[in-house]
Amino acid sequence: MNIGIDIVRISRVEELLRDPVRAGEVFAPEEMTADVQTMAGRFAAKEAYFKAAGEKRDWKSVLVLKHEGGMPYLVCPEENRAKVSISHDGEYATAIVLIE
892 MNIGIDIVRI SRVEELLRDP VRAGEVFAPE EMTADVQTMA GRFAAKEAYF KAAGEKRDWK
952 SVLVLKHEGG MPYLVCPEEN RAKVSISHDG EYATAIVLIE
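Using my numbering, you'd call the opening residue of the sequence shown number 892 and step up by one each time.
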């Protein structure tokens, strides 16, 4: 079992999203939304996943999506069972990932 955690300043992700090429390198089309807070949480979740997995991979190899009720989940490249929790407060978004 491995755990990863990340925190990101929302304005940093907002800047990344202004560049469609850079944003397209990090986020898959199905992850894109107009809500910067959500995108920052997804960014933090990807970073947390890479930390838990022990290696950085292609950004789009991990998708951060939401169930109909709004709960986030990860689509991972391996058979890993990964759980994610995302939170926002003020200028920051944070995420924690547990890989079983």
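Virtual Cβ for every residue (Gly too), placed ideally from N, Cα, C. The structure displayed is predicted, hence computed values, not measured ones.
(message) Considering only the alpha carbon of each residue, which of W950, S978, T985, A944 lies closest to E991?
(response) A944
(message) Which residue marks the beginning of the alpha helix (DSSP H) containing K942, and which one marks its end?
(response) In the DSSP annotation of this structure, the continuous segment of the alpha helix (DSSP H) that includes K942 starts and ends at 927-944.
(message) Only counting the same chain, and skipping five residues up and downstream in sequence, which positions put a Cβ closer than 8 Å to that of R913?
(response) L907
(request) Run the proximity test for I990: is its beta-carbon closer than 7 Å to any non-hydrogen atom belonging to the ligand MG? (result) Absence of the ligand MG from the depicted structure is noted, as is the absence of any ligand whatsoever, leaving it without description.
(request) Using alpha carbons as the reference points, say which of Y964, E922, P968 lies closest to I987. (result) The shortest Cα separation from I987 among Y964, E922, P968 belongs to Y964.
(message) For R948 and D926, what's the separation of their Cα atoms in angstroms?
(response) 25 Å
(message) What would DSSP say about P963, mapped onto helix, strand or coil?
(response) Strand, per DSSP.
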